[in-house]
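Below is one structure, written out as structure tokens; the observations come after it.
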Amino acid sequence: MALAVQTKGLTRVFDAKRKFLRRRKPENGEPAGPVTALDGVDLEIRDGELFGLLGPNGAGKTTLIKILCTLLLPTSGEAFVAGYDVTKDPFPIRTKINMVSGGETSGYGLLTTRENIWMFSQFYGVPSKVAKPKIDELLHTFGLWDKRDSKVRVLSSGQRQKMNMIRGFVTDPDILFLDEPTLGLDVNASRVIREYVMNWVRGQKGKTVLLTTHYMMEADDMCDRLAIINNGRILAVDTPGNLKRRLKKDTTFRLEVDPLKDTSPLKGIAGVKNFSETSDGGGSVLKLTFILEEESAVSDIMSEVVRQGSKIHYLHKSEPTLEDVFISMVGRSLE
Amino acid sequence: MSETVSPVAVNLRSVWGRAYVRIVGANREPSWIFFEGLLPLLGIAVYVFIYQAFGARAIATLVADPTLSDTARAAAIAAAQANVNALVGFVVLGGTMTAFWMNVLWSMASQLYWEKEMGNLQLYMMAPMSRMSLLGGMALGGIFMTSVRAVTTLVAGVFVFGVSFQLTDPWMLMAVFFATLVALYGMGMMLASLYLLYGREAWNLSALLEEPVFLASGFYFPVRILGPAVAFAASIIPAALGLDALRQLLFPGFFGGQFWLLSVGLELTILLGLCVLFLVLARLSLGYMETLAKREGRLTSRHQ
Ligand SMILES: Nc1ncnc2c1ncn2[C@@H]1O[C@H](COP(=O)(O)OP(=O)(O)OP(=O)(O)O)[C@@H](O)[C@H]1O
Ligand SMILES: [Mg+2]
Chain A
17 MALAVQTKGL TRVFDAKRKF LRRRKPENGE PAGPVTALDG VDLEIRDGEL
67 FGLLGPNGAG KTTLIKILCT LLLPTSGEAF VAGYDVTKDP FPIRTKINMV
117 SGGETSGYGL LTTRENIWMF SQFYGVPSKV AKPKIDELLH TFGLWDKRDS
167 KVRVLSSGQR QKMNMIRGFV TDPDILFLDE PTLGLDVNAS RVIREYVMNW
217 VRGQKGKTVL LTTHYMMEAD DMCDRLAIIN NGRILAVDTP GNLKRRLKKD
267 TTFRLEVDPL KDTSPLKGIA GVKNFSETSD GGGSVLKLTF ILEEESAVSD
317 IMSEVVRQGS KIHYLHKSEP TLEDVFISMV GRSLE
Chain B
4 MSETVSPVAV NLRSVWGRAY VRIVGANREP SWIFFEGLLP LLGIAVYVFI
54 YQAFGARAIA TLVADPTLSD TARAAAIAAA QANVNALVGF VVLGGTMTAF
104 WMNVLWSMAS QLYWEKEMGN LQLYMMAPMS RMSLLGGMAL GGIFMTSVRA
154 VTTLVAGVFV FGVSFQLTDP WMLMAVFFAT LVALYGMGMM LASLYLLYGR
204 EAWNLSALLE EPVFLASGFY FPVRILGPAV AFAASIIPAA LGLDALRQLL
254 FPGFFGGQFW LLSVGLELTI LLGLCVLFLV LARLSLGYME TLAKREGRLT
304 SRHQ
């Protein structure tokens, strides 16, 4: 089967010091040293797949997408999209791809929604007689028909996001990159977009989507396969079902306790594979999710909690979710 | 895409798509007629009044001069009046061309930088069009949009200040005008890629080009007055050369021709050379800039 995307040892280092003709003055919050955003990524996405990329903030998801969209060069390693090398052959790739990212502010405020989408379609050479009816159809599908002749600057951020999605689909790409496409959308709009993406990939041959998301449910429901990425490295690639099955031998326990002074001893307890902590109720409750290799570890966890003088409010054993897979690999939850 | 589109079609549609924003979008709000069409008349008026005052004084001196015969006096007064008319015409023409210069500085040179901040640049760079189509579309749209404004200023200026032109060689006039525009916007296209490379530092360059160079380019007076060295330096800015040639064609008798920079033919030749030079440089610098930005991660803004 042909590969839509293939990377070999793909590495990207951002080194602020090496910028051309720039006085070296770190911008706000910019790390002083080089940042390795991608670290030897080997990935294969097949033609016709809806592939998900799941990882915490700063994991390197957007960096990977930018390289695949020919907007950023790799520091080392190789990447191929539709069989072409992103470094040597960007133009044939560009005719076959499109990209939409969440929270994008593209377009011109003075143009209408329709005009804006039309303008972007022209950069792909879509004839107006093809583009215009298609834009209208998509405006209906995404519930933006009412806003077709509104100037873009009056659109809400969710409406803008729908417009951006239409921009991505109207050029009929073979490979579509979606970087957190449902970011900030309401439940209904998110559902419409998810369903449209799934039908688009599955209802026709030769369409591939690479999607990043922070929503576990989205990844679980939509994706044929998922890669879990952290600190620029791919930790696992599999179907959501198989990923969850990996944890079948493990047990998941959820606890709610009074805040603990120190959670580090929990990590050392025999039988604990990994755990995540989030505080809730304004810091009055600590939620812990444990992935246990041995169920017997529960008693050690409870005695550690009690030893620190904390109370247990809630304890529950559950089936592993994708979230738990993530916690077991990354050591924190995505929320 | 399912059906392949020829690269020529992609690029022609891209140029039109990008130009559309400026042709349609920019004229959508009628307030431009006042701010960009009529407001420039104020700046023009200042110079017009100064030149008219000088003219009135010169004529008064001529009237009072006892050494002149009546016929000599009449001829001298007529010449002075023609020169004042030419100076006023100079200013109106200069004020009109200013619109193009400002458009090149603030809507061409700094445009890619804006686009990056707005989040459009990455979408442009990701598209299969040639980067020159992007800049070409911006330029065509800018030329159209600015021409509408410039014609408004010109017509209003000619009407308000009563300037009379002499249309000696309309074809040459058209040739010079279009060569000036292409050279100007070619310069803007070249600057656009440099701005992208230098980011915010480039604002200083625009400020420099707006004021001092603006003054030295003779928008409101014949540039030769500043001396041959400045005149020569300023003629790198296509507006200075073009303006000089346009004035020669419209006010041929001005001060006996002593303030002209070069001959019209030579000026047109230089302008055409500048067109080629700037367009080639634009292409090279854009290609270089794109590779560099892709290597350094500067094609997209950080907060995306
Ligand atoms: N242009 C850049 N210059 C310097 N560092 C960068 C640049 N772009 C990204 N980085 C760094 O690379 C790392 C990966 O960033 P990236 O945007 O790929 O993460 P992400 O997985 O998309 O995160 P998020 O979920 O927050 O969108 C981060 O540490 C980031 O600060
Ligand atoms: Mg990201």
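Heads up: the protein sequence lines correspond to chains A and B, in order. In this text, residue positions in the first sequence follow my numbering: the first is 17, and each later residue adds one. In this text, residue positions in the second sequence follow my numbering: the first is 4, and each later residue adds one. Ideal Cβ positions, reconstructed from N, Cα and C, are used throughout, including at glycine.
Segments of 3+ residues assigned as beta strand (DSSP E) that fall wholly inside the segment 163-216 of chain B: Qualifying beta strand (DSSP E) stretches: none in this window.
Cβ neighbour criterion (16 or more within 10 Å) applied to Val158/B: The residue in question, Val158/B, is exposed, as its Cβ has fewer than 16 Cβ neighbours within 10 Å.
Spatially closest choice to Leu19/A from Val301/A, His332/A, Asp105/A and Glu65/A, by CA coordinates: Comparing Cα-Cα distances from Leu19/A to each of Val301/A, His332/A, Asp105/A and Glu65/A, the minimum goes to Glu65/A.
Boundaries of the alpha helix (DSSP H) in which Lys178/A is found, first to last residue: In this chain, the alpha helix (DSSP H) harbouring Lys178/A covers Ser173 to Val186.
Heavy atom of ligand 2 within 7 Å of Lys82/A beta-carbon: No, the Cβ of Lys82/A stays beyond 7 Å of every heavy atom of ligand 2.
Length of the line joining the Cα atoms of Met135/B and Phe281/B: If you take the alpha carbons of Met135/B and Phe281/B, they lie about 12 Å apart.
Span separating the alpha-carbon of Gly221/B from that of Ala243/B: The alpha-carbon atoms of Gly221/B and Ala243/B are separated by roughly 6 Å.
Simplified DSSP assignment, three categories, for Gly129/A: Note on residue identity: the sequence assigns Thr, not Gly, to residue 129/A. For Thr129/A, the secondary structure class from DSSP, reduced to helix, strand or coil, is helix.
Sufficient close CB pairs (3 or more, under 8 Å) joining the segment 38-49 of chain B to the segment 89-99 of chain B: The answer is yes - the segment 89-99 of chain B touches the segment 38-49 of chain B, with three or more Cβ pairs under 8 Å.
Ligand 1 heavy atom lying under 7 Å from the CB of Asn246/A: The answer is no for Asn246/A.
Cutoff 8 Å; reference Ser349/A; Cβ partners in own chain excluding five residues on either side: Result list for Ser349/A: Ser292, Thr294, Thr305, Glu339, Phe342 and Ile343, in chain order.
Coarse secondary structure for Asn247/A, derived from DSSP in three states: In the three-state DSSP reduction, Asn247/A falls in the coil class, being neither helix nor strand.
Euclidean distance between Cα positions of Lys150/A and Val186/A: Rounded to the nearest angstrom, the two C-alpha atoms are 7 Å apart.
Proximity test, Thr78/A beta-carbon vs ligand 2 heavy atom, cut-off 7 Å: In terms of side-chain proximity, the C-beta atom of Thr78/A is found nearer than 7 Å to a non-hydrogen atom of ligand 2.
CA-to-CA distance, Asp266/A to Val346/A, given in whole angstroms: Computed Cα separation, rounded: 16 Å.
In chain order, each beta strand (DSSP E) run of at least 3 residues that lies wholly inside the segment 63-87 of chain B: Entirely contained in the segment 63-87 of chain B, not one beta strand (DSSP E) run reaches 3 residues.
Beta-carbon neighbours of Arg16/B, restricted to chain A and to distances below 7 Å: Within chain A, the residues near Arg16/B are Gln138 and Gly141.
Cα-Cα separation, Thr229/A to Glu214/B: Rounded to the nearest angstrom, the two C-alpha atoms are 49 Å apart.
Closer than 8 Å to chain B by CB, Phe185/A: Using beta-carbon distances, Phe185/A does not count as an interface residue toward chain B, since no partner is under 8 Å.
Asn180/A beta carbon near ligand 4 (any heavy atom closer than 7 Å): Looking at this structure, you won't find ligand 4 anywhere; what it does contain is ligand 1 and ligand 2.
For Val57/A, three-class secondary structure by DSSP: Here Val57/A sits in strand by DSSP.
Check: Val51/A C-beta below 7 Å from any heavy atom of ligand 1: Checking the Cβ of Val51/A against ligand 1 gives yes.
Contact under 8 Å by Cβ, Val107/B with Gly191/B: Against a cut-off of 8 Å, the Cβ pair of Gly191/B and Val107/B comes out as a contact.
Whole-number beta carbon distance between Leu259/A and Val321/A, since they are thought to touch under 8 Å: Val321/A to Leu259/A, Cβ: 29 Å. No contact.
Residue environment, Asp296/A, which counts as buried when at least 16 other CB atoms sit within 10 Å: Burial state of Asp296/A is exposed, judged by a 10 Å Cβ sphere holding fewer than 16 other Cβ atoms.
Cross-chain neighbours of Lys297/B in chain A, by beta carbon under 7 Å: Near Lys297/B (Cβ distances below 7 Å), the residues of chain A are Leu87, Leu88 and Leu89.
Coil, strand or helix - Gly98/B by DSSP: Correct three-state label for Gly98/B: helix.
Asp101/A beta carbon near ligand 2 (any heavy atom closer than 7 Å): Shortest gap from the CB of Asp101/A to any heavy atom of ligand 2: 7 Å or more.
Range covered by the beta strand (DSSP E) that runs through Ser295/A: Taken as a continuous stretch (DSSP letters only), the beta strand (DSSP E) holding Ser295/A covers Val288 to Asp296.
Test: Ala29/B CB closer than 8 Å to a CB of chain A: It does: the Cβ of Ala29/B has a partner Cβ on chain A nearer than 8 Å.
Buried or exposed (CB count within 10 angstroms, at least 16 for buried), Thr7/B: Exposed, because fewer than 16 other Cβ atoms sit within 10 Å of the Cβ of Thr7/B.
Contact with chain A by Val13/B, beta-carbon distance below 8 Å: Taking 8 Å as the CB threshold, Val13/B lines the interface with chain A.
Straight-line Cα distance separating Phe180/B from Tyr198/B: Cα to Cα, the separation comes out at about 27 Å.
Delimiting residues of the alpha helix (DSSP H) encompassing Gly268/B: Its alpha helix (DSSP H) spans residues Val267 to Glu299.
Residue(s) in a DSSP beta bridge with Thr268/A: Under DSSP, Thr268/A takes part in a beta bridge, and its partners are Ile307/A and Ser334/A.
Nearest-angstrom Cα separation, counted from Asp31/A out to Glu299/B: Straight-line Cα distance between these residues: approximately 8 Å.
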